[in-house]
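Okay, structure first, notes after.
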Amino acid sequence: QKVTVAVLDHLEHLALVDFRDSEGVERLQKAIQFADQLHEVNTDGVEPMDSVLEDRCLYLREDDVTEGNCTKELLKNAREKVEEYFVAPPGNIPLPKVEE
Amino acid sequence: ASKRNLLFQVSAALKEGRVTPTELCQRCLSLIKSTKFLNAYINVAEETALKQAEESEQRYRRGQPLGVLDGIPVAVKDNFNTAGIETTCASNMLKGYISPYNATVVQKLLDQGAVLLGKTNLDEFAMGSGSTDGAFGPVRNPWSYSRQYKEKSVPKSPSEARECTWVIAGGSSGGSAAAVSSFTCFAALGSDTGGSTRNPAAHCGVVGLKPTYGLISRHGLIPLVNSMDVPGILTRCVDDAAVVLGSLAGHDPKDSTTVQDNFKPFELPNVIDVSKLSIGIPKEYHAPGLSSEILSLWSKAADLFKNAGAKVIEVSLPHTPYSIVCYHVLCTAEVASNMARFDGLEYGHRSAVNKSTESMYAATRREGFNDVVRGRILSGNYFLLKQNYEHYFIKAQKVRRLIASDFVKVFSSGVDVLLTPTTLREAVPYMEFIQEDNRTRSAQDDILTQAANMAGLPAINVPAALSERGLPVGLQFIGRAFQEKQLLTVAKWFEKQVKFPVIQLEEMKRHDQGVFQHQQSASFS
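Structure (structure tokens):
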């Protein structure tokens with residue numbers, strides 16, 4: 001059951017990573033085939049497990065501001081910035097569709 | 001004779017002034033330079049390390065060292081944030097990224113006075129089992145250059161032999177394992193998601209500890225799989241792993257997945273009685289492809305425990321064969337999410353493409369990630385598609401529960417510790433390793449280590465013996481959650497029995513004997 005071009009296109013848009021060539025697509029096909037082995041296991045009545053610490057309470061700290069004011073530090077690693085803003089190219093322009 | 005750990009011995013030498021932190025640091029830096037061909041380090045922080053060593057020296061002069069780790073040279077895998085030092089994850093995506101903060105575990109080491117020598121090499125974003133798929137090239141296993149390995153290899157022309165037959169260090173924490181194995185540091189941090197600390201530990205003949213999930217903070221460890229990642233500890237002996245664990249474990253308010261239980265650092269006993277223990281041998285770990293050498297070693301190890309009076313029984317973890325497939329789905333799914341943060345806007349590589357946000361993101365990620373990372377992101381996104389979510393992702397989470405329950409059943413039946421091989425075979429030559437792709441290799445190599453990550457259990461590789469080819473082979477112990485003391489006690493007992501040989505690195509003969517000779521001879525009883 002091959003992955004359709006529509007799905008490949010959808011994945012490239014979601015992931016913002018391209019398959020680059022047929023090898024990339026092949027790789028996905030093999031990954032799916034590999035994952036299909038999961039269905040050999042009977043999981044009737046089994047609950048999904050998110051975390052091995054599911055029986056414990058997650059630690060939540062007090063909602064107090066204890067750190068921050070590190071704008072300069074954080075901006076240091078950005079390539080494009082203006083004053084205290086990260087600069088992004090225009091949005092709302094969709095990527096072109098994938099060709100066959 | 002009672003065997004005290006290496007770190008305690010060095011610490012004593014520092015206290016008594018037989019060696020100074022600066023001397024120790026300089027020797028390590030010099031050794032790093034002369035073993036550059038191993039490619040274990042991506043960045044060496046020479047200036048800051050010497051500064052830290054100087055500060056440590058002042059504390060020793062005042063008679064106020066911070067603890068056992070004060071002045072001890074350590075190395076950190078390059079997926080941990082280190083303030084002021086480039087953190088790359090061996091990826092073009094983070095080349096030039098200077099961390100604005102220290103990972104909690106790094107901060108803890110520094111607070112104890114440890115001297116941070118540098119960042120070690122790995123597979124890109126910790127994805128791999130060979131430390132061969134990073135942007136800065138592969139790591140070479142120091143044992144490739146050992147007399148033990150050379151003696152066993154078929155003689156060719158010396159230069160050809162060296163180039164063609166060097167073996168992999170294992171991964172993804174290969175740099176850290178190689179750094180510890182080649183004496184350039186006394187301890188190193190790795191990370192472990194599917195075996196990434198234990199696998200290279202086995203191949204490089206060092207101790208590799210994967211702690212219980214939730215024991216050590218992941219804050220500052222660039223995440224791969226949030227529900228399985230743990231910082232790993234690599235040292236030359238089990239006692240040292242206990243020391244490092246003692247300085248790192250405990251609740252971190254900055255990582256809400258760390259448990260709030262009170263953690264008490266411990267020292268391992270010198271006299272160990274294993275006769276009251278029950279050791280489980282899971283039969284599914286006799287996996288296809290397991291070398292006959294390792295099988296035999298495993299069996300001999302079981303006998304060692306039996307002869308010491310321990311109860312050694314065969315147990316079953318029936319879902320073991322599915323842990324790799326389960327990992328494949330869960331890992332790629334979490335990776336798809338975790339890698340979404342790399343878009344070029346706030347840090348890391350940014351493409352020159354500027355037409356639109358999406359095209360800039362896409363180009364940045366195409367330019368910044370290697371094929372392995374991109375492949376996992378795409379697979380992960382596939383499994384997370386609405387039409388696939390239940391069928392793959394939820395299914396894998398259910399299988400995960402079954403794998404974790406297998407362990408619970410075995411441990412509640414009275415078994416204290418499990419004994420298994422760590423890898424299917426010893427390290428293979430690089431030229432052979434790269435014949436298969438990353439996913440195939442990872443699927444093969446993680447088979448014996450991955451399930452412990454699924455279940456969040458502590459596990460440790462202890463070097464056991466040299467193979468026919470003169471390369472290290474290790475065995476793995478898996479313990480109950482948060483029972484690191486028991487796990488490490490058993491591991492230490494085993495380590496004492498097997499007396500794993502010290503690596504004879506020919507390059508090193510030219511170096512200062514002094515402290516290093518002392519360390520080498522202190523490594524065996």
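For the protein sequence lines, the chains are A and B, in the order given.
Counting along the first sequence from 1, when you hit position 21 you're at 21 in UniProt numbering, and nothing is skipped either side.
Counting along the second sequence from 1, when you hit position 18 you're at 18 in UniProt numbering, and nothing is skipped either side.
Backbone N, C-alpha and C fix where the C-beta goes; we use that ideal spot for every residue, glycine too.
Small disclaimer: the values here were computed from a predicted structure and weren't measured.
| Query | Result |
| --- | --- |
| Using three-state DSSP, classify residue 303 (chain B) as helix, strand or coil. | helix |
| Could you spell out where the alpha helix (DSSP H) holding residue 484 (chain B) opens and where it closes? | 484-498 |
| Excluding sequence positions up to five away, which residues of its chain have a Cβ less than 7 angstroms from the Cβ of residue 150 (chain B)? | none |
| In chain order, what residues of the same chain have a beta carbon less than 7 angstroms from the beta carbon of residue 13 (chain A), not counting five sequence neighbours either side? | 95 |
| By alpha-carbon positions, which one of A:34, A:40, A:69 and A:47 ends up nearest to residue 397 (chain B)? | A:47 |
| Counting only the same chain and skipping the five closest in sequence on each side, list residues whose C-beta sits under 8 angstroms from that of residue 318 (chain B). | 284 and 406 |
| May I ask whether a heavy atom of the ligand SAM can be found less than 7 angstroms away from the beta carbon of residue 66 (chain A)? | In terms of ligand content, the structure shown is empty, and the ligand SAM therefore cannot be addressed. |
| Secondary structure at residue 447 (chain B), three-state DSSP: helix, strand or coil? | coil |
| Using CA atoms only, rank isn't needed, just tell me which of A:74, A:50 and A:44 is closest to residue 528 (chain B). | This structure leaves residue 528 (chain B) out entirely; chain B is present only between 1 and 525. |
| Just the C-alpha distance for residue 81 (chain A) and residue 363 (chain B), rounded to the nearest angstrom, thanks. | 19 angstroms |
| Taking only the alpha-carbon atoms, compute the straight-line gap between residue 54 (chain A) and residue 16 (chain B) and give it to the nearest angstrom. | 48 angstroms |
| Can you name the residues of chain A whose CB is closer than 9 angstroms to the CB of residue 527 (chain B)? | A query on residue 527 (chain B) cannot be resolved here, the shown segment of chain B reaching from 1 to 525 and no further. |
| Please state whether DSSP places residue 502 (chain B) in a helix, a strand or coil. | coil |
| Could you check whether the Cβ of residue 100 (chain A) sits closer than 8 angstroms to any Cβ belonging to chain B? | Residue placement at residue 100 (chain A) cannot be trusted, given a pLDDT of 43 that sits under 50; what the coordinates show is reported in the next sentence. Output row for residue 100 (chain A): interface = no. |
| Quick one: what's got a C-beta closer than 6 angstroms to residue 414 (chain B)'s C-beta in the same chain, skipping five residues either side? | 278 |
| Exposed or buried, residue 197 (chain B), counting other C-beta atoms within 10 Å across all chains shown (16 or more means buried)? | buried |
| Which chain A residues sit within Cβ distance under 8 angstroms of residue 397 (chain B)? | 48, 49 and 50 |
| Please list, in chain order, the chain A residues whose beta carbon lies closer than 8 angstroms to that of residue 253 (chain B). | 59 and 61 |
| List the whole-angstrom C-beta distance separating residue 117 (chain B) from residue 28 (chain B), where the pair is believed to meet the contact cut-off of C-beta under 8 angstroms. | 6 angstroms |
| Strictly below 7 angstroms CB to CB, what residues from chain A border residue 455 (chain B)? | 52 |
| Give the DSSP bridge partners of residue 283 (chain B), in chain order. | Partner(s): none; residue 283 (chain B) has no beta bridge. |
| Which of helix, strand or coil does DSSP assign to residue 2 (chain A)? | coil |
| Exposed or buried, which one is residue 1 (chain B) when buried takes at least 16 other CB atoms within 10 Å? | Low local confidence applies: a pLDDT of 28 at residue 1 (chain B) is under 50, so the model's placement there is unreliable, with the coordinate-based value given in what follows. With fewer than 16 Cβ atoms within 10 Å of its Cβ, residue 1 (chain B) is classed as exposed. |
| Whole-angstrom Cβ separation of residue 311 (chain B) and residue 175 (chain B), contact assumed at under 8 angstroms? | Rounded, the Cβ-Cβ distance is 40 angstroms, inconsistent with contact. |
| Using a Cβ-Cβ cut-off of 8 angstroms, state whether residue 18 (chain A) counts as contacting chain B. | yes |
| Going by DSSP, what residue range makes up the alpha helix (DSSP H) through residue 26 (chain A)? | 22-35 |
| Taking the Cβ atom as the reference point for each residue, do residue 131 (chain B) and residue 168 (chain B) lie within a distance shorter than 8 angstroms? | yes |
| Could you tell me whether any Cβ in chain B is nearer than 8 angstroms to the Cβ of residue 80 (chain A)? | yes |
| In three-state terms, what does DSSP make of residue 249 (chain B)? | strand |
| In chain B, what lies closer than 7 angstroms to residue 83 (chain A) by C-beta? | Per Cβ cutoff of 7 angstroms: no residues; residue 83 (chain A) is ~15 angstroms from chain B at best. |
| From which residue to which residue does the alpha helix (DSSP H) around residue 371 (chain B) run? | 371-384 |
| With the cut-off set at 8 angstroms, would you say residue 123 (chain B) and residue 177 (chain B) are in Cβ contact? | no |
| Would you kindly work out how many angstroms separate the C-alpha atoms of residue 60 (chain B) and residue 12 (chain B), rounded to a whole number? | 11 angstroms |
| Which two residues bound the contiguous alpha helix (DSSP H) that contains residue 463 (chain B)? | Segment 459-466 is the beta strand (DSSP E) holding residue 463 (chain B); no alpha helix (DSSP H) there. |
| I'd like to confirm the pairing. Which residues does DSSP put opposite residue 97 (chain A) in its beta bridges? | Its beta-bridge partners do not exist; DSSP assigns none. |
| In terms of alpha-carbon separation, which member of B:239, B:290, B:275 and B:387 lies closest to residue 265 (chain B)? | B:239 |
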